[in-house]
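These protein sequence lines map, in sequence, to chains D and B.
Take the first sequence: its position 225, counting from 1, is numbered 225 in my numbering, and each next residue is one higher.
Position in the second sequence counted from 1, then plus 1000, gives you my numbering.
Every residue, glycine too, gets a C-beta built ideally from N, C-alpha and C.
Every value quoted in this text rests on a predicted model; they were computed, and no experiment measured them.
2 protein chains.
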Amino acid sequence: MERTEIADYGEFGLIRHLTKNIELQNVSSILGVGDDAAVIDHYGKQTVVTTDLLIEGVHFDLMYTPLKHLGYKSVVVNISDIFAMNAQPTQITLSLGISNRFPVEALEEFYEGVYAACDTYGVDLVGGDTASSQKGFIISITAIGEVAADKLVKRSGAKKGDLLCCSGALGAPYLGLLFLEREKKIYLENPNIQPDLEGEDYVIGRLLKPEARQDIIQFFEQGGILPTAMMDISDGLSSEILHICESSSVGAVLYEEKIPIMEETRKAAYKFELDPTACALSGGEEYELLFTVDQKDYDQLLQYDQITVIGYMTDAAEGARIITKGGNTHPITAQGWNAFKK
Amino acid sequence: MERTEIADYGEFGLIRHLTKNIELQNVSSILGVGDDAAVIDHYGKQTVVTTDLLIEGVHFDLMYTPLKHLGYKSVVVNISDIFAMNAQPTQITLSLGISNRFPVEALEEFYEGVYAACDTYGVDLVGGDTASSQKGFIISITAIGEVAADKLVKRSGAKKGDLLCCSGALGAPYLGLLFLEREKKIYLENPNIQPDLEGEDYVIGRLLKPEARQDIIQFFEQGGILPTAMMDISDGLSSEILHICESSSVGAVLYEEKIPIMEETRKAAYKFELDPTACALSGGEEYELLFTVDQKDYDQLLQYDQITVIGYMTDAAEGARIITKGGNTHPITAQGWNAFKK
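This is the structure we're talking about:
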């Protein structure tokens, strides 16, 4: 494989090289890469902004994450937050910290993924920064979107009696991670053994190449549905239900049997002797949408098979509870991300 | 000093703790920290966005950079890019990558600086992300601003005959860095020797606590001046002049004798046997504004002593040249930042 050193381009040359084929897609993108700042025109709509920092060794492992997938996913996790406000993503900025361990070809691969995601979701890359890092690959993306003021959906609007819903199916990404970590360990112990990921494409694909649920937002718009609260599932279903309960001052009942889990996910969980429900509750990195809607919208929700009603909202005093398949009731607790724990 | 472990808070607790006293100042800040994204209302104006990634060991050295100053400067370098578009900064998002080598108290200090800068420049912190890093302190800030469409100033509008101007005085930050690096080296060799930075407050202050030139933008507005091109000086005067020449397809003449350099800067340069002009041309990290204006605005520019006319724009064919004090003419070359060079 060809190897061009980053030093051959220099900072400005590198940015120019990596961004030279950008064609702005949104009329609101007035000015993109190449000035002190990008310029966006959102006349008459509200601007929505979110940002994420992804660090090698903490958020991703380049040993089993293809750079193109990483570029794609970095964009997806950010615009998923924009959809979670019921807004339309329009622009992103991308900052990279890179050591000279990476050749320019590696960065091109990463950008290929970024551009593919921009294409899929109709967003423009309008700015960014490239910095050298002493160690590791660092990605910072800010996504910008727009929404009419009366269509904005926050976490705080859920009411008692609202239906609790999610998109897609849950639990797979965490199991994808377990498979990849297992094979990495085996490989490090004996580099002659080929990774055995046969039949696990689904759960691994869910980890490495998630999609953001633009279709759900479009379904809401077409059907005239306005969720009362919404967020995306990045830290795990339990953690996100608790966030909505706290922000909205309500409680929730979640039915274990309603949680959508694919057969591939169940099988993968059993291989690790894990409870598939636990993977769905605490696994995270799903980038599915969790939302609450008024009961009047129930019939309409049924028309889209990518939406599942998994519970309902209650008085705050009742707390957030899960009713198990066996009929028992337990409080929902967040087992999610806490990377600072030793 | 007290030491609270980050783990005592957890991710969400930490963000809540560090952002609990935020009071949004801008009417355009509809929704701040605590949801999937922030919401901004820029009805009738264009939104300007810029982002910067700052990495410990590459962009700053915590051995001689107080965290509060670092927080302040991180905000300043971003809103300086907003001013460089002739726009008014309104919001920032802040993502931090931190290892558990830092106690919560250290983060509080950093945020104190961030909030002080937000206060000085009237911007709201509306979002962000906190991630654990395996090593080092990583700062990613995105700044957002607004500008009326007809007041936007890009790098590309300079015309032949325009005056080339800069704000403030140049050359000091690089010398501040040299002093701090020298004292660090001495200290590492013998920790009993106290740092000797006596009399160098000015150049060191320019490095550690720069300000963005809001006053210049206000002066333009009050005087009805609209620069034809503008950018901020982060990589060095030479490099930025070349950027404007390239973007605007013009050439430039710069007079060495006109470059504003403080007496403290000259003295500091001589201590290192450096040419003060070279420090101004290539030093960078100035966060002063470099801009071009039509000659008709000359009389008005004279009314503000923080602005210096340092040259004029020519045909592109003539290139970018400096006329030295001795009357010689040399092409301007960018000696600025290229951290990837080995």
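Taking 4 residues as the minimum length, the alpha helix (DSSP H) runs contained wholly in the segment 81-140 of chain D are 104-121, in order along the chain. Taking C-alpha positions only, D/N100 is separated from B/H1069 by approximately 29 Å. By the Cβ test, the segment 147-154 of chain D is in contact with the segment 1030-1048 of chain B, since at least three Cβ pairs between them sit closer than 8 Å. D/V76 is outside the set of residues whose beta carbon lies under 8 Å from a beta carbon in chain B. Annotation for D/L24: G32, D124 and V126 place their beta carbon closer than 8 Å to its own, counting only its chain and skipping 5 residues before and after. Under DSSP, the beta-bridge partners assigned to D/M231 are D/L290.
D/L175 sits close to D/A268, with the two beta carbons spaced by under 8 Å. A Cβ-Cβ separation of about 4 Å places B/T1292 in contact with B/A1158 under the 8 Å criterion. Counting only runs of 4 or more residues that sit fully inside the segment 1153-1238 of chain B, the alpha helix (DSSP H) segments are 1172-1189, 1201-1208 and 1214-1223, in chain order.
According to the DSSP secondary-structure assignment, B/G1145 is paired through a beta bridge with B/V1048 and B/P1089.
Taking a Cβ-Cβ cut-off of 9 Å, the neighbours of D/D232 in chain B comprise D1036, given in sequence order. For the segment 142-169 of chain D, the set of residues with a beta-carbon nearer than 9 Å to any beta-carbon of chain B comprises T142, A143, I144, G145, V147, A149, L152, K154, R155 and S156, in chain order. The C-beta separation of D/M230 from D/V309 comes to about 14 Å, leaving the pair out of contact by the 8 Å criterion.
If you draw a straight line from the Cα of B/I1015 to the Cα of D/S238, it comes to about 19 Å. Among the bridge pairs identified by DSSP, D/G311 is matched with D/L164 and D/L254.
For B/T1324, the closest alpha carbon among the candidates B/M1313, B/H1042, B/G1071 and B/E1256 is that of B/E1256.
For B/D1041, a Cβ of chain D is located within less than 8 Å of the residue's own Cβ.
Distances from the alpha-carbon of D/G224 to those of D/L197, D/D52, D/Q300 and D/F179 put D/Q300 closest. Going by DSSP, B/R1321 is part of the beta strand (DSSP E) stretching over A1320 to I1323. The DSSP-derived three-state label of D/P260 is coil. Separation of the CB atoms of D/I55 and D/I138 is rounded to 6 Å, and the pair is thereby assigned contact status at 8 Å.
Apart from the 5 residues on each side of it in sequence, B/D1008 sits with its Cβ closer than 8 Å to the Cβ of V1104 in its chain, given in chain order.
Below 8 Å, enough C-beta pairs join the segment 305-320 of chain D and the segment 247-255 of chain D to call them touching: three or more. Beta-bridge analysis with DSSP links B/H1330 to B/I1322.
Residues of the segment 262-284 of chain D whose Cβ lies closer than 9 Å to any Cβ of chain B: none. The alpha-carbon of D/L208 is positioned some 9 Å away from that of D/L177. The beta carbons of B/I1040 and B/I1144 sit closer together than 8 Å. If you draw a straight line from the Cα of B/L1096 to the Cα of D/D201, it is about 34 Å long. In the three-state scheme derived from DSSP, where H, G and I count as helix and E and B as strand, B/I1030 is classed as strand. For B/L1024, the three-state secondary structure derived from DSSP is coil. In the three-state scheme derived from DSSP, where H, G and I count as helix and E and B as strand, B/D1035 is classed as strand. Checking the DSSP bridge columns, you'll see D/D41 partnered with B/Q1046. Look at B/E1002 here: in three-state DSSP terms it is coil, with no helix or strand label. For B/D1081, the closest alpha carbon among the candidates B/A1334, B/L1290 and B/R1321 is that of B/L1290. Residue nearest to B/L1067 within the set B/D1119, B/C1279, B/E1112 and B/C1118 is B/E1112 (criterion: CA-CA distance). The C-beta of D/L302 comes no closer than 8 Å to any C-beta of chain B.
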